[in-house]
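**Student:** In the numbering used here, the protein residues as written are 60 to 302.
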Ligand code: C5P
C-alpha cells in the first residue's frame, strides 16, 4: 500500500518511540494526547502487555506503530500480521531479509484483516539492515556487501513484495527514495534535535534534515520521553519541521 502522506503535516508524521515501562508509556500517552499523532510500541512493551497496550493508545486517538520485526516462514508471518492488524495497530515491521514471499505473506495477512474489520490496511514496513549491524558483523553472518549496498538490495526485495515501505537511517533515506519512488513510506529513527544528546545513536540527523532527505515519517524516542517536559520537547520538534 502506497500513500499520499505529503498532504499530512510533518508534525503528524513524528512517531514517539515509547521504549519504557508500561506505566511510563501510559503516562506519556496521556501527556502527549492532542499533541503527537503516532506512538511506537516495541517488543519489550508488547510482550509485557499484549494487545491491551495498543488498545490503550488507540482509545486516546493515537496511531500505533507496532515494531515487532517479524521474521519466520511465510505462513507464520501471514498469520502474525493478520493478528497484529486485529489489535488495531496501524503500522508493522518485518525483516526484509526474510525474502519477498515472506513480506508478501505479511502484506496479505494484513489485507485479510482489513477486509474482515473494514479498517484501513496495516502499513507494512521492511527492516533492511539494523544500524547495529556494521560491516564486520555483516561479514560474520556471510554478507559480503557494504551495509549501504545491502540496504539497497533489501529495499529492492521490499519493493518487489508490494509492501508499503522500509525503515532506514536518515542517511539512507535519499537513496531509498530513489529506489522506492515518491509514495513509499520511509520511516527513519536515529533522529536528534539540533543540540540534543546523541545517546547511543551514531548516524543521526535533525528532524528537518531527515524529512529533507526523503523520510515520510521520523521516529524520536529519548529526546521526548526522557525530557523534563515531554510535551514541550515534542512541540519544539514539531516547530522545527513546520513547512
Ligand atoms: O530513543 P531513540 O530516539 O534513539 O529511539 C529510536 C527508536 O528507533 C528505538 O525504538 C529503536 O529501537 C528504533 N530503531 C533504531 N535504529 C534502527 C531501528 C530501530 O533506533 N535501525
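Where a beta carbon is used, it is the ideal one built from N, C-alpha and C, also for glycine.
1. What do you reckon, are the CB atoms on residue 228 and residue 262 nearer than 8 Å?
2. Using a Cβ-based criterion (distance less than 7 Å to any ligand heavy atom), does residue 83 qualify as near the ligand C5P?
3. What runs of the alpha helix (DSSP H), each 4 residues or longer, lie entirely inside the segment 77-141?
4. According to DSSP, is residue 306 part of a helix, a strand, or is it coil?
5. Classify residue 215 as helix, strand or coil using the three-state DSSP reduction.
6. Evaluate contact between the segment 243-252 and the segment 263-270, counting only Cβ atoms and requiring at least three cross-stretch pairs below 8 Å.
7. Look at the alpha carbon of residue 138 and the alpha carbon of residue 153, and state the distance between them as a whole number of angstroms.
8. Write down the C-beta distance between residue 222 and residue 162 rounded to the nearest angstrom, noting that I regard them as a contact closer than 8 Å.
9. For residue 270 and residue 196, what's the separation of their Cα atoms in angstroms?
**Tutor:** In short:
1. Here the question's residue 228 lines up with position 169 in the chain shown. Here the question's residue 262 lines up with position 203 in the chain shown. Yes, Cβ-Cβ distance for residue 228 and residue 262 is below 8 Å.
2. The residue you call residue 83 lines up with position 24 of the chain shown. It does not: the Cβ of residue 83 is nowhere closer than 7 Å to a heavy atom of the ligand C5P.
3. 81-91, 102-108 and 110-118
4. Absent from the model: residue 306. The displayed extent of the chain is 60 to 302, so no value can be given.
5. For the purposes of this step, residue 215 is identified with residue 156 of the chain shown, where counting begins at 1. It is helical.
6. yes
7. Working through the chain shown from its first residue, we reach residue 138 at position 79. Working through the chain shown from its first residue, we reach residue 153 at position 94. If I take the Cα positions, the gap works out to 13 Å.
8. Locating residue 222 in the chain shown gives position 163, counting from the first residue. Locating residue 162 in the chain shown gives position 103, counting from the first residue. Confirmed, Cβ separation roughly 5 Å.
9. Along the chain shown, read from residue 1 onward, the residue named residue 270 stands at position 211. Along the chain shown, read from residue 1 onward, the residue named residue 196 stands at position 137. Using only the alpha carbons, I get a separation of about 29 Å.
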